[in-house]
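To keep things clear, I will list the structure first and then write my remarks on it.
Number of protein chains: 2
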Amino acid sequence: MNYPSRLIEEAVSEISRLPGIGKKTALRLALHLLKREEEQTRSLSEALINMRTKTSYCEKCHNIADDRLCNICSSPRRDHSIICVVVDTRDVLAIESTNQYKGLYHVLGGIISPLEGIGPSDLQIDSLIKRIEHPEDSEPVKEIILALSPTMEGDTTAFYLQKKLKSTGVKMSTIARGIPIGGDLEYADEITLGRSIVSRVAYD
Amino acid sequence: MNYPSRLIEEAVSEISRLPGIGKKTALRLALHLLKREEEQTRSLSEALINMRTKTSYCEKCHNIADDRLCNICSSPRRDHSIICVVVDTRDVLAIESTNQYKGLYHVLGGIISPLEGIGPSDLQIDSLIKRIEHPEDSEPVKEIILALSPTMEGDTTAFYLQKKLKSTGVKMSTIARGIPIGGDLEYADEITLGRSIVSRVAYD
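Residue numbers (the UniProt record's numbering), protein chains in the order written: chain A, 1 to 204; chain B, 1 to 204.
This is the structure in structure tokens:
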């Protein structure tokens, strides 16, 4: 495309490096910013730079934090004997919004994916083992919950973690897979439906 | 949502002010930037600020330009006697990419929309009349093509322009409406199909 100005072209090229944003959307966003007050572009740019340069990570669970420890790890009201293993901060936010979990987290920072060249050493796995074997809290870790997506990569990572953590003797579990609440049996895929029959739950 | 850090919260809030980007997408983009090199965020921010503060507009057609006049208005190879009236720069790019038009443009900068409080005085209509009545070029303007979307707002704007430009005596036309190339008659809406019959084109 022949952009009318070099400045627009550079902005579009930078915006379209973001995931899920193509050249057309990038141009729409650039033209939107051009129409608005200069102040909006300034505060957007500043917020991005501040976030990128000043954000720090929790020393314990590697979640994003404003301090040395995140709000969750530093809270005395959380159960420090359960650790839920997730891929990134978005998963922490998703589980927190259910209000069903009161333990701690461990953010791996990615998922094992040979196709993208991400191996176990790129993830925060050693520090997870250290948290189990040498707990900083007075309480020992009683359970590890793997909350990984039921995809090829998620299953590979879960399998690797199971093998790796076996020697610690800690109890391990995974989040339940099955038909989603409100989901229609008729439209469920065969694998999910099959798993939900195999892992059926007895009435009390 | 309880963001893990104030910096993330501010970035998400700024990103989600962009059109078509909600809080979830904004968070995804923010976390993406956090994972990448600091350099990427810096060059994105700089490109946005540069674009917003340094972009100028063509004095003649109000398209975005690096100079006093845009590339199109300053080109001697374009037909300066035809002006195509469009809403914004994206429309110029869309028409340019067809390679079917060799005249000039006039960017209105918006469309008449009482709902959004945009009236004729907010658009570049006076300068269009001036271009027709007192042409800067040696050639007089022979034809005005209205290339506005066939929506309520587009039709209102076209109607207003027709009335307003009538006194100049210039020839006016609109882009053809009809069944899109590759479109299926069966799935065309009644209004488009009806118009395409009324405005049928005789074989030569």
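Where a beta carbon is used, it is the ideal one built from N, C-alpha and C, also for glycine.
Say whether chain A places a C-beta atom closer than 8 Å to the C-beta of B/P76.
Locating residue 76 of chain B in the second sequence gives position 76, counting from the first residue. Closer than 8 Å: no.
Between which two residues does the beta strand (DSSP E) carrying A/T174 extend?
As a working note, residue 174 of chain A is residue 174 in the first sequence. Element bounds for A/T174: K171 to T174.
Does DSSP put A/S199 in a helix, a strand or coil?
Along the first sequence, read from residue 1 onward, the residue named residue 199 of chain A stands at position 199. Looking at A/S199 - three-state DSSP - the assignment turns out to be coil, as it is neither helix nor strand.
Which of the residues in the region 80 to 94 of chain A, read from start to end, lie with their CB under 9 Å from any CB of chain E?
Of the protein chains in this structure, namely A and B, none is chain E.
Thinking just about the alpha-carbon of each residue, which of B/D126, B/R90 and B/S74 is nearest to the one in residue 215 of chain B?
Residue coverage of chain B in this structure runs from 1 to 204, which leaves residue 215 of chain B outside it and unanswerable.
With a cut-off of 8 Å, does the C-beta of A/I8 fall near any C-beta of chain B?
In the first sequence, residue 8 of chain A corresponds to position 8, counting from 1. Yes, contact with chain B.
Any contact of the region 182 to 201 of chain A with the region 128 to 140 of chain A, i.e. 3+ C-beta pairs under 8 Å?
The region 182 to 201 of chain A is not in contact with the region 128 to 140 of chain A.
If we count the other Cβ atoms within 10 Å of its Cβ and call it buried at 16 or more, is A/A94 buried or exposed?
Sequence index remark: in the first sequence, residue 94 of chain A carries index 94 (1-based). Label assigned to A/A94: exposed.
What are the start and end residues of the alpha helix (DSSP H) that includes A/L33?
The residue you call residue 33 of chain A lines up with position 33 of the first sequence. Element bounds for A/L33: K23 to K35.
Can the beta-carbon of A/I125 be found closer than 8 Å to that of A/L104?
Position 125 of the first sequence holds residue 125 of chain A. Position 104 of the first sequence holds residue 104 of chain A. No, the Cβ-Cβ distance between A/I125 and A/L104 is not below 8 Å.
Is the beta carbon of B/I15 less than 8 Å from the beta carbon of A/L108?
Taking the first residue of the second sequence as 1, we reach residue 15 of chain B at position 15. Taking the first residue of the first sequence as 1, we reach residue 108 of chain A at position 108. No, the Cβ-Cβ distance between B/I15 and A/L108 is not below 8 Å.
With 16 as the cutoff for other CB atoms within 10 Å, does B/S97 come out buried or exposed?
On the second sequence, position 97 is the one that residue 97 of chain B refers to. Burial call: exposed.
Using C-beta distances below 6 Å, list every residue in its chain close to A/T157, excluding the 5 sequence neighbours before and after it, in chain order.
Here the question's residue 157 of chain A lines up with position 157 in the first sequence. Result list for A/T157: I111, I112 and L148, in chain order.
Going by C-alpha to C-alpha distance, which of A/R52, A/L33, A/S13 and A/A11 sits closest to B/A11?
Along the second sequence, read from residue 1 onward, the residue named residue 11 of chain B stands at position 11. Selected option, being the one with the closest Cα: A/R52.
Considering only the beta carbon of each residue, do A/I145 and B/P4 sit closer than 8 Å?
Taking the first sequence and counting its residues from 1, the one referred to as residue 145 of chain A is at position 145. Taking the second sequence and counting its residues from 1, the one referred to as residue 4 of chain B is at position 4. Result no, Cβ atoms of A/I145 and B/P4 do not sit closer than 8 Å.
Could you check what DSSP says for A/A65 in three-state terms: helix, strand or coil?
Locating residue 65 of chain A in the first sequence gives position 65, counting from the first residue. Looking at A/A65 - three-state DSSP - the assignment turns out to be strand.
Pull the bridge partners of B/H106 from the DSSP assignment, please.
For this step, residue 106 of chain B is matched to residue 106 along the second sequence. Answer is B/V85.
Quick check for students: name the residue ranges of the alpha helix (DSSP H) that lie wholly in the region 115 to 142 of chain B, counting only runs of 4 or more.
Runs of the alpha helix (DSSP H) inside the region 115 to 142 of chain B: 126 to 133.
Taking the beta carbon of A/K35 as the centre, do at least 16 other beta carbons fall within 10 Å, making it buried, or is it exposed?
Sequence index remark: in the first sequence, residue 35 of chain A carries index 35 (1-based). Its Cβ having fewer than 16 others within 10 Å, A/K35 is exposed.
Going by DSSP in three states, A/S113 sits in which element: helix, strand or coil?
Along the first sequence, read from residue 1 onward, the residue named residue 113 of chain A stands at position 113. Three-state DSSP puts A/S113 in a strand.
If you measure from the beta carbon of B/E26 to each beta carbon in chain A, is any gap under 8 Å?
Sequence index remark: in the second sequence, residue 26 of chain B carries index 26 (1-based). Contrary to the premise, residue 26 of chain B reads as Ala rather than Glu in this sequence. Chain A contact via Cβ: absent.
Given that a residue counts as buried once 16 or more other Cβ atoms are within 10 Å of its Cβ, and exposed if not, what is A/T168?
Taking the first sequence and counting its residues from 1, one reaches residue 168 of chain A at position 168. With fewer than 16 Cβ atoms within 10 Å of its Cβ, A/T168 is classed as exposed.
Given this structure, state the Cα-to-Cα distance separating B/S42 from A/I49, to the nearest angstrom.
Here the question's residue 42 of chain B lines up with position 42 in the second sequence. Here the question's residue 49 of chain A lines up with position 49 in the first sequence. Reading off the sequence shown, one finds Arg at residue 42 of chain B, where the question assumed Ser. Taking the straight line joining both Cα atoms gives about 6 Å.
Is A/A196 near A/I179, with beta carbons less than 8 Å apart?
If you number the first sequence from 1, residue 196 of chain A lands on position 196. If you number the first sequence from 1, residue 179 of chain A lands on position 179. One detail in the question is off: residue 196 of chain A reads as Ser in this sequence, not Ala. Against a cut-off of 8 Å, the Cβ pair of A/I179 and A/S196 comes out as a contact.
Answer with buried or exposed for B/I175, where buried requires no fewer than 16 other C-beta atoms within 10 angstroms of its C-beta.
Along the second sequence, read from residue 1 onward, the residue named residue 175 of chain B stands at position 175. Looking at its Cβ environment, which holds fewer than 16 other Cβ atoms inside 10 Å, B/I175 is exposed.
Grab me the residues of B/E59's own chain with a C-beta within less than 6 Å of its C-beta, minus the 5 sequence neighbours each way, in chain order.
Counted from its first residue, the second sequence places residue 59 of chain B at position 59. Around B/E59: R68.
Where does A/T89 land, buried or exposed, given buried means 16+ other C-beta within 10 angstroms?
Residue numbering aside, residue 89 of chain A sits at position 89 when the first sequence is read from its first letter. By the 10 Å Cβ count, A/T89 comes out buried.
Report back the beta-carbon spacing between A/K171 and A/E139 to the nearest angstrom; my notes put them in contact at under 8 Å.
Within the first sequence, the letter at position 171 stands for residue 171 of chain A. Within the first sequence, the letter at position 139 stands for residue 139 of chain A. Not quite, the Cβ-Cβ distance comes to about 14 Å (not below 8 Å), so this is no contact.
Would A/L7 and B/K54 be called neighbours here (beta carbons separated by less than 8 Å)?
Residue mapping note: residue 7 of chain A aligns to position 7 of the first sequence, counting from 1. Residue mapping note: residue 54 of chain B aligns to position 54 of the second sequence, counting from 1. In this structure, B/K54 lies closer than 8 Å to A/L7 by Cβ.
Quick one, which of B/L193, B/D155 and B/V141 has its alpha-carbon nearest B/H80's?
Along the second sequence, one-based indexing puts residue 80 of chain B at 80. The shortest C-alpha separation from B/H80 is found at B/V141.
Taking C-beta pairs closer than 8 Å, name the residues in chain B that A/H106 reaches, listed in chain order.
Your numbering for residue 106 of chain A matches position 106 in the first sequence. Ordered by position in chain B, no residue passes the 8 Å Cβ test against A/H106, which lies about 14 Å from the chain.
Quick one: is A/R68 near chain B, going by C-beta distance under 8 Å?
For the purposes of this step, residue 68 of chain A is identified with residue 68 of the first sequence, where counting begins at 1. Chain B, which has no Cβ nearer than 8 Å to the Cβ of A/R68, makes this no.
Buried or exposed: where does B/L115 fall if 16 or more other Cβ atoms within 10 Å of its Cβ makes it buried?
Reading the second sequence from its first residue, position 115 is the one you call residue 115 of chain B. Classification of B/L115: exposed, given that the 10 Å Cβ count is below 16.
Quick test of your reading: B/V86 and B/V92, contact by CB under 8 Å. State the CB separation rounded to the nearest angstrom.
Sequence index remark: in the second sequence, residue 86 of chain B carries index 86 (1-based). Sequence index remark: in the second sequence, residue 92 of chain B carries index 92 (1-based). 6 Å between Cβ atoms; contact.
Keeping to the same chain, check which residues put their C-beta closer than 7 Å to that of B/T25; ignore five residues upstream and five downstream.
Locating residue 25 of chain B in the second sequence gives position 25, counting from the first residue. There are no such residues.
Considering only their Cβ atoms, is the gap separating B/L33 from B/Q40 smaller than 8 Å?
The residue labelled residue 40 of chain B in the question sits at position 40 within the second sequence. The residue labelled residue 33 of chain B in the question sits at position 33 within the second sequence. Taking 8 Å as the Cβ cut-off, B/Q40 and B/L33 qualify as a contacting pair.
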